[in-house]
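Reviewing the structure listed below.
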Amino acid sequence: MRQLTGPCRLVLLCLVAGSLCADAPIPQDRVTQPFAIRALAESRAVGINSHLTTRYPDAATMPIPAAILADLGVQWVREDLHWHRIQPDPATWDWTFSDAALSALHRQRLQVLAVLGPAVGWATPDPTDHPNQISFAAPDEAAFVAYVAAVVQRYRHVVKHWQVWNEPDQALFWRPAPDPEQYTRLLIATARTIRAIDPTATIVLGGINPFDTSFLRAIAAYGGWHAFDVIAIHPYVDPLNPVEGNLIAAADGVRAIAAQYGWKPVWATEVGWASGVSDRDPLALIDAAQQAAYLPQAYCALWQGGVSHVFWYALKDDPHNTYGLFAYGSGRADFSRAKPVAAALRDLAASMPTVDEAMPVTTIHLLDRRVAWQRPAQPNGSIRQAQDGLHIAYRFTTRANDYVAFELREPIALPAHTRALMVRLAGDGSAHHLRLWVRDAEGERFALTVGMIGPEADQILSAPIGYRALQYGYVSGEGNRRPDAPLALQAIVVDDQYDGWSGVGELIIGEIAALVGEAGDSSYYTLPVGDTRSGTASAMALVGTVGAVAWLPHAIPATR
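Numbering (my numbering), first residue to last: 295 to 854.
Encoded structure:
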């Protein structure tokens, strides 16, 4: 096993074409293949959301920001080709800014991911839309496809990657409400058009929230799985940091769906933190120094989680959102005020971390005694102890939220300075959530989502146990709703990731561990690498000398 060096070591030292759709879902052949959870991406690329075509104000000086992008060392840029700017009315085509931007980027040898959409007011049914301005209403399909055909025909020699819409699963960007059936029809028609013009083109999904995979699952159900080549996710976890947000697990859910319908690479076409007030962080909990620190952690966590291409959001601040590498300053053309995060991206791109041998850590066996579990209320599961670990069986029968929780009769106290909880398991490929409940000093319960239950092979999953990560997972109990030390492990929970799922399943939990580090060790990750039943630290590929692994007991009598 190897470890990432350079900036990625910072994070690893931290916590480890077809016809249009019908009204009803189209049955789609399922592949149901093994899927790797959190496997290191085979190729890794550094990208950024540049927005030159839509936000830079002067077409004549477009080579200036293009040179700034090249100086940052990124290989990829994500550019919006807004319909309302290119075709402000049905009879007018204006290529001024897109020509200037794409030409300047091409001269800098930067690869472009071009975003097609959103709509223009004259091509939507919404009577409140200004006819010549941007609209996020669902567009007229024929008009959209005609716009796509013109754009791809013009730029097919310099752009090979096309993203269809931006965040179609978000109400802000698909009005009046997200509609996976409607988006799937548009996706299929758009993909057919692009491939007819350029068979070598790559079609990228619109960029979805990976923590709710229902939209992606619906695209597959409506027959759209083969209309795109790359799954794009937008794994924002701010104001949590990359560790508290367990960013390494961001692609688990979409990869589990790909295991059912056919493998596709996963890209993060937006991710970022603001350095002050933003839509997601109105209290400005993150400052410029923290933003710079989170950037390499985020890229490396996503790479470790199997995401190959990562695009930071964004090149420049907006007046109300400070996500950029450069402050807004005197306006869109002002690049005189680089923030610390710009240097962080440049350093990351320059080093392009490689992989080395992992350093071992120490394991400590705690509380080597038999413990008992109880199922509090749900009749849909059982737990028993076998030689290879805890065998959990469950049966989910409804189309609503099903879960089964096994509680310790006497919760196991976690060691001081526990920074994460880790689980080694062999799953059933269900992709359900595995959670752990932690009890605090006031008796309140907090849930940690350890990750997705993978295939019938050993995997190691981890969840940070920091203050904010726990607070966001409050479950129940009377108190201040804050995790007060000392903490204790209280329960193992299997929760259906997709409420519509029903059936039976079984998994084996071989070990549960606490990763112990001093207070200064704020983050760390684990890798899913083989068997740890020998208790050897190197088998877990815990990178760096962050502390000791304390194994919690699993010699447990059967209860039903």
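By construction, the Cβ of each residue, glycine as well, lies at the ideal position given by its N, Cα and C atoms. Computed from a predicted model, the values in this text were never measured in an experiment.
Assigned exposure category for residue i - 16 Cβ within 10 Å defines buried
i, result
"Leu684", "buried"
"Gly737", "exposed"
"Pro613", "exposed"
"Ala471", "exposed"
"Gln381", "buried"
"Ser569", "buried"
"Pro462", "buried"
"Pro351", "exposed"
"His726", "buried"
"Glu772", "exposed"
"Ala360", "buried"
"Gln598", "buried"
"Ala636", "buried"
"Gly547", "buried"
"Leu577", "exposed"
"Pro433", "buried"
"Leu764", "buried"
"Gly623", "exposed"
"Leu589", "buried"
Residues sharing a beta bridge with residue i, DSSP
i, result
"Asp752", "Ala720"
"Trp561", "Ala526 and His603"
"His685", "Arg678 and Ile802"
"Lys610", "Phe620"
"Pro758", "Ala714"
"Ile542", "The partner list for Ile542 (beta bridge, DSSP) is empty, contrary to what the question assumes."
"Gln668", "Glu701"
"Ile497", "Trp456"
"Ala740", "Reading off the sequence shown, one finds Phe at residue 740, where the question assumed Ala. Val732 and Tyr768."
"Phe690", "Gly797"
"Ser429", "Ala413"
"Met746", "His727"
"Thr386", "Asp383"
6 Å Cβ shell around residue i - same chain, five flanking residues per side excluded
i, result
"Thr356", "Here the sequence assigns Met to residue 356, which means Thr is not the residue at that position. Cβ within range, chain order: Ala394, Ala395 and Ala398."
"Val458", "Leu410, Leu481, Thr484 and Gly500"
"Ala680", "none"
"Ser724", "Ile747 and Gly799"
"Ser337", "Ser602"
"Gln447", "Ile491"
"Ala444", "none"
"Gln672", "Val698"
"Thr487", "Val439, Val442 and Ala443"
"Ile362", "Phe629"
"Asp523", "Thr496 and Ile497"
Given residue i as reference, the closest of the options once Cα atoms are compared
i, options, result
"Arg776", "His520, Lys454 and Gly767", "Gly767"
"Ala751", "Ile362, Arg469 and Glu800", "Glu800"
"Ala807", "Pro749, Gly794 and Val744", "Val744"
"Thr348", "Val368, Asp423 and Ser392", "Ser392"
"Arg403", "Thr422, Ala417 and Val452", "Val452"
"Gln585", "Thr563, Ile551, Ala621 and Gly556", "Ala621"
"Asn460", "Ala526, Ile488, Tyr617 and Ala440", "Ala526"
"Glu805", "Trp387, Asp682, Thr563 and Asp388", "Asp682"
"Ile580", "Thr422, His711 and Trp567", "Trp567"
"Ala595", "Arg324, Ala333 and Gln327", "Ala333"
"Ile358", "Arg401, Lys558, Ser572 and Ala465", "Arg401"
"Arg693", "Glu475, Ser676 and Ser796", "Ser796"
"Leu809", "Val769, Ile802, Ile754 and Arg762", "Ile754"
"Ala385", "Ala417, Leu407, Ala465 and Leu466", "Ala417"
"His528", "Asn503, Asp573 and Ser624", "Asn503"
"Met646", "Tyr477, Pro328, Ala353 and Gln369", "Gln369"
"Val371", "Arg678, Thr563, Asp506 and Gln327", "Thr563"
Neighbourhood of residue i by C-beta distance below 8 Å, restricted to the same chain and skipping five residues each side
i, result
"Arg450", "Ile491, Asp492 and Ala495"
"Leu366", "Ile342, Leu619, Ala636, Leu639, Arg640 and Ala643"
"Ser828", "Low per-residue confidence applies at Ser828: pLDDT is 33, beneath 50, and the placement is therefore not dependable enough to give any value."
"Thr712", "Ile759, Leu781, Ala808, Leu809, Val810 and Ala844"
Neighbourhood of residue i by C-beta distance below 7 Å, restricted to the same chain and skipping five residues each side
i, result
"Lys454", "Thr494, Ala495 and Thr496"
"Asp778", "Asp734, Ala735 and Glu736"
"Gly556", "Val325 and Trp519"
"Pro474", "Phe509, Ala512, Ile513 and Tyr516"
*Three or more C-beta pairs closer than 8 Å, one from the region 367-384 and one from the region 426-437: is that the case here?*
yes
*Can at least three beta-carbon pairs, one atom from the region 534-546 and one from the region 752-759, be found at a separation below 8 Å?*
yes
*Taking one C-beta from the region 666-677 and one from the region 627-637 each time, how about it: are there three or more such pairs within less than 8 Å?*
no
_So, does the region 782-801 touch the region 729-745, judging by three or more C-beta pairs under 8 Å?_
yes
_the region 334-349 in contact with the region 598-617 per 3-pair CB rule at 8 Å_ = yes
*Should the region 713-730 be regarded as contacting the region 515-523, the criterion being three or more beta carbon pairs within less than 8 Å?*
no
*Decide if the region 702-712 is in contact with the region 790-800; the criterion is three or more beta carbon pairs, one per stretch, under 8 Å apart.*
The region 702-712 and the region 790-800 do not touch, with fewer than 3 CB-CB distances between them shorter than 8 Å.
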